[in-house]
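Read through the structure below, which is laid out as structure tokens, and then see the notes.
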Amino acid sequence: MPGVAGIADHKTQAMKITQAFTFEAAHRLPNVPETHRCHRMHGHSYRVELTVAGEIDPRSGWVVDFYDVEDIFRPLLERLDHHTLNDIEGLENPTAENIAAWIWHRAKAGLPGLALVRVYETPMSWAEYAGE
Numbered sequence: 018m019p020g021v022a023g024i025a026d027h028k029t030q031a032m033k034i035t036q037a038f039t040f041e042a043a044h045r046l047p048n049v050p051e052t053h054r055c056h057r058m059h060g061h062s063y064r065v066e067l068t069v070a071g072e073i074d075p076r077s078g079w080v081v082d083f084y085d086v087e088d089i090f091r092p093l094l095e096r097l098d099h100h101t102l103n104d105i106e107g108l109e110n111p112t113a114e115n116i117a118a119w120i121w122h123r124a125k126a127g128l129p130g131l132a133l134v135r136v137y138e139t140p141m142s143w144a145e146y147a148g149e
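First residue of the sequence shown: 18, per my numbering; consecutive thereafter.
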């Protein structure tokens, strides 16, 4: 179609893709007052979004294959899903903020274009980490 830009016209265009994952886990926040409800053990249905930025590959049409994102994140997901987060090294104080940073530092090597990790504790509450 004349006048419509195609992928070939945007070989250097920056693009972001996001893939979402869910996991169930229990935690408690040891550094809040004992009277705070989050001091007690409780659980969440977490949602994690990994955003990867990069140029669109002109051959594949992808920034990165979603399967590759899943393959890289799977070992981390297995460490988190149906576990007590406080028992995982580096998550002794498992706030959404700390979980997002924990995921970032472990996924970044396999996803060099990682631009953002978003962790939802609830559908209305989340933390984002975009690196250092």
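For glycine and all other residues, C-beta sits at the position ideal for the given N, C-alpha and C.
Item	Value
I need the straight-line Cα distance from Asn103 to Trp119, nearest angstrom please.	12 Å
Short of 8 Å in beta carbon distance, which residues of its chain neighbour Leu93, apart from the five on each side in sequence? Order them along the chain.	Ile120, Arg123, Ala124
So, is the C-beta of His61 closer than 9 Å to a C-beta in chain B?	Judged by its chain identifiers, the structure shown contains no chain B, having just a single protein chain.
CB-CB under 6 Å to Gly60, same chain, minus the five flanking residues each way: which ones, in chain order?	Ala43
At what residues does the beta strand (DSSP E) containing His56 begin and finish?	Element bounds for His56: n/a, residue is neither H nor E.
Which term fits Thr68, buried or exposed, when burial requires 16 or more other beta carbons within 10 angstroms of its beta carbon?	buried
Arg54 to Ile73, Cα distance in whole Å?	46 Å
Among the candidates His99, Gly130, Ala144, Tyr137, whose CA atom is the shortest distance from the CA of Ile89?	Gly130
If you compare alpha carbons, which of Met32, Leu133, Ala147 is closest to Ala81?	The question names Ala, but residue 81 in the sequence shown is Val. Of Met32, Leu133, Ala147, the residue nearest in Cα terms is Met32.
Around the C-beta of Ala113, are 16 or more other C-beta atoms found within 10 angstroms, so that it is buried, or is it exposed?	buried
So what's Ile160 in DSSP terms, helix, strand or just coil?	Residue 160 is absent from the model: the chain starts at 18 and stops at 149.
For Leu128, tell me which candidate among Arg45, Pro75, Gly148, Glu106 has the shortest Cα-Cα distance.	Gly148
Under three-state DSSP, which class holds Leu5?	Since the first residue shown for the chain is 18 and the last is 149, residue 5 is missing from the structure and cannot be characterised.
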